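Written below as structure tokens is the structure these notes are about.
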Amino acid sequence: MQEHPIHWETPGTSRVPFALYANPDNHKKELDRFFYKAHWSYVGLEAEVPHPGDFKRTVIGERSVIMTRSPDGQIHVVENVCAHRGMAFCRERHGNKKELVCPYHQWSYALDGKLQGVPFRRGVRQDGKVNGGMPADFDPKAHGLNALKVATRGGVVFASFDHEVESLEDFMGPTILRYFDRLFNGRKLTILGYNRQRIPGNWKLMQENIKDPYHPGLLHTWFVTFGLWRADNKSELRMDAHHRHAAMISTRGTAGQAAGDKAQVTQVSSFKASMQLNDPSFLDIVPEPWWQQGEQMPTAVMMTLFPSVIFQQQVNSVSTRHIQPDGHGAFDFVWTHFGFEDDTPEMTERRLRQSNLFGPAGFVSADDGEVIEFSQQAFESKPEHRMLVELGGRDVGETDHMVTETLIRGMYEYWRKVMED
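Going by our numbering, the first residue of the sequence shown is number 36, and it counts up by one from there.
Here's what the structure looks like:
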């Protein structure tokens with residue numbers, strides 16, 4: 036019997052048990068079913084390992100992995116666990132190496148994970164005899180690093196521990212793939228920088244946060260005051276067929292005070308009519324040709340790929356957000372801000388300036404980390420309770436407005452199918 040069993044109040048997913056976020060046994064099962072089996076996880080951008088020998092250490096779920104570029108230019112992802120005694124041998128976040136060597140006993144691996152050297156494999160000759168050594172039937176080919184299945188698209192690298200996983204394209208589905216390809220459309224990416232933070236909350240809460248389209252116009256003073264994300268913006272909410280992934284699409288309206296029947300949008304405590312910018316260049320927004328999608332020019336598209344990543348376009352700022360669970364009540368959150376090789380110096384500066392909206396001390400994102408922490412505190416103190424996710428109804432479906440929690444209900448519909456199977 037679990038200490039805090041998970042009990043759904045209704046057959047649907049409009050009332051989510053607090054125990055989902057507070058139960059350590061549930062967390063271990065989630066890691067196995069969502070991160071280690073049948074799913075693709077984000078690893079990084081090809082631009083992070085541009086040269087042969089480059090590597091990046093990251094995680095999938097709670098397992099440490101290394102993304103490398105081998106001498107032939109191929110991308111590989113291997114588990115950061117030595118095949119000898121199990122040491123997590125790579126400690127650097129980024130670097131360049133000709134080979135991967137475990138410092139404990141100096142087992143040496145090629146950049147694709149193949150074992151290429153074992154000290155004293157044939158023993159040590161002393162006084163006319165050979166001492167020690169590996170057994171005669173030891174086969175180096177059977178003792179390389181655990182190599183993951185890898186897929187790349189548009190300069191983005193995904194990996195899976197499950198070599199039978201469906202294709203990356205099928206995993207995303209055509210609806211989400213359309214928005215993914217809009218952002219990652221073949222142009223070469225450039226890395227602008229990173230933010231890292233640790234948030235004391237369950238990892239699912241960040242997926243929920245980016246599947247919640249109406250909180251930005253209530254929580255985030257910056258968004259509602261300057262019109263970057265408001266309930267009266269023209270918007271769409273789209274999902275894949277399984278309802279696990281989602282895209283929130285918004286087109287910026289008129290900044291400042293709304294009038295007429297839209298006045299209620301700015302009659303919220305987060306709207307500050309008197310707020311002014313000392314540096315108005317933060318709102319130096321320049322539409323880019325790749326924004327165009329049919330007749331629309333979305334100024335913001337937020338994609339959540341379950342379970343591990345968020346792809347963000349907020350006006351000219353573009354970034355990935357990597358969710359890295361650490362126990363049931365905390366996760367690390369890594370932002371990778373990027374641009375495109377053909378950006379002008381002015382556009383690069385604009386992307387960097389607008390990236391100040393985001394990250395652990397961002398004008399917007401600092402709010403999210405705080406509310407996630409406070410939510411987790413309540414879940415831990417009252418695990419028998421549940422939260423209400425019924426704005427816009429109790430069903431699941433795509434919409435053309437923001438005043439709904441349908442994407443969260445959809446995510447937990449998928450969660451229940453996988454976890455209760």
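Cβ coordinates follow ideal geometry from the N, Cα and C atoms, glycine included. Treat the numbers as computed from the prediction; the structure is a model and nothing was measured.
Q. Beta-carbon separation of N230 and D403 under 8 Å?
A. Taking the first residue of the sequence shown as 1, we reach residue 230 at position 195. Taking the first residue of the sequence shown as 1, we reach residue 403 at position 368. Contact flag unset, no.
(Q) Taking its Cβ as the centre, do 16 or more other Cβ atoms sit within 10 Å of T339, making it buried, or is it exposed? (A) The residue labelled residue 339 in the question sits at position 304 within the sequence shown. Result: buried.
Q. Does the pairing of the segment 56-66 with the segment 79-93 give three or more beta-carbon distances under 8 Å?
A. no
Q | F70, buried or exposed, once every other Cβ within 10 Å from all chains shown has been counted against 16 | A | On the sequence shown, position 35 is the one that residue 70 refers to. Buried, by the Cβ-count rule.
Q.
Is it buried or exposed, H372, if we count other Cβ atoms within 10 angstroms and call 16 or more buried?
A. For the purposes of this step, residue 372 is identified with residue 337 of the sequence shown, where counting begins at 1. Buried.
Q: Starting from the C-beta of T187, find all residues in its chain whose C-beta is less than 8 Å away, skip the five residues before and the five after it, and write them out in chain order.
A: For the purposes of this step, residue 187 is taken as residue 152 along the sequence shown, with counting starting at 1. Correct list, in chain order: E81, I110 and F193.
Q. Does the Cβ-Cβ distance between R128 and K91 come in under 8 Å?
A. As a first step, residue 128 is located in the sequence shown; it is residue number 93 there, counting from the start. As a first step, residue 91 is located in the sequence shown; it is residue number 56 there, counting from the start. Yes, these two residues count as a Cβ contact at 8 Å.
Q.
Do Q411 and G236 count as a contact pair if the criterion is CB distance below 8 Å?
A. Looking up residue 236 in the sequence shown gives position 201. Looking up residue 411 in the sequence shown gives position 376. Yes, the pair counts as a contact, with Cβ atoms nearer than the cut-off.
Q. Tell me which same chain residues have a C-beta within less than 6 Å of the C-beta of G47, skipping the five on either side of it?
A. As a first step, residue 47 is located in the sequence shown; it is residue number 12 there, counting from the start. Closer than 6 Å at the Cβ level, and outside the excluded window around G47, lie R429.
Q.
Give me the DSSP bridge partner(s) of G370.
A. The residue labelled residue 370 in the question sits at position 335 within the sequence shown. For clarity, residue 370 is Trp in the given sequence; the question names Gly instead. Paired residues: N230 and R356.
**Q.** Beta-carbon contacts of Q299 that lie in its chain and below 6 Å, excluding the five residues immediately before and after
**A.** What you label residue 299 is simply residue 264 of the sequence shown in a count that begins at 1. With a pLDDT of 43 at Q299, under the threshold of 50, the modelled position of that residue is not reliable, and no figure is offered here.
Q. Does DSSP put N131 in a helix, a strand or coil?
A. Taking the sequence shown and counting its residues from 1, one reaches residue 131 at position 96. N131: strand per DSSP, three-state reduction.
Q: Assign Q161 to one of two classes, buried (16 or more other C-beta atoms within 10 Å of its C-beta) or exposed (fewer than that).
A: For this step, residue 161 is matched to residue 126 along the sequence shown. Classification of Q161: exposed, given that the 10 Å Cβ count is below 16.
Q.
Between which residues of its own chain and S390 is the CB-CB distance below 6 Å, once the five residues before and five after are set aside?
A. Within the sequence shown, numbered from 1, the residue matching residue 390 stands at position 355. Hits under 6 Å: S352 and H372.
**Q.** Backbone secondary structure at R92 - three-state DSSP
**A.** In the sequence shown, residue 92 corresponds to position 57, counting from 1. In the structure shown, R92 sits in a strand (DSSP, three-state: E or B).
Q.
Quick check: what's the CA-CA separation for D247 versus H119?
A. Within the sequence shown, the letter at position 212 stands for residue 247. Within the sequence shown, the letter at position 84 stands for residue 119. Rounded to whole angstroms, D247 to H119 spans 45 Å at the Cα level.
Q. Along the chain, which unbroken stretches of the alpha helix (DSSP H) at least 4 residues long are found entirely within the segment 167-245?
A. 203-218 and 239-245
Q. Is it the case that the Cβ atoms of V336 and A281 are separated by a distance below 8 Å?
A. Here residue 336 refers to the residue found at position 301 when the sequence shown is read from its first residue. Here residue 281 refers to the residue found at position 246 when the sequence shown is read from its first residue. It is not a contact, given that the beta carbons lie outside the stated cut-off.
Q) By Cβ distance, which residues of its chain are closer than 8 Å to L423, with the 5 residues on each side in sequence left out? A) In the sequence shown, counting from the first residue as 1, residue 423 sits at position 388. Once the five neighbours on either side are set aside, the close Cβ partners of L423 are S49 and R50.
(Q) The alpha helix (DSSP H) that contains A365, what's its start and end? (A) Locating residue 365 in the sequence shown gives position 330, where the first residue counts as 1. Looking at the DSSP string, A365 is not in any alpha helix (DSSP H), and its letter there is neither H nor E.
Q) How is the beta strand (DSSP E) around R388 delimited, first residue to last? A) Residue numbering aside, residue 388 sits at position 353 when the sequence shown is read from its first letter. It is not in any beta strand (DSSP E) - R388 instead sits in the alpha helix (DSSP H) that spans P380 to Q389.
Q: Reducing DSSP to helix, strand and coil, say where S99 ends up.
A: Stepping through the sequence shown from its first residue, residue 99 is reached at position 64. Here S99 sits in strand by DSSP.
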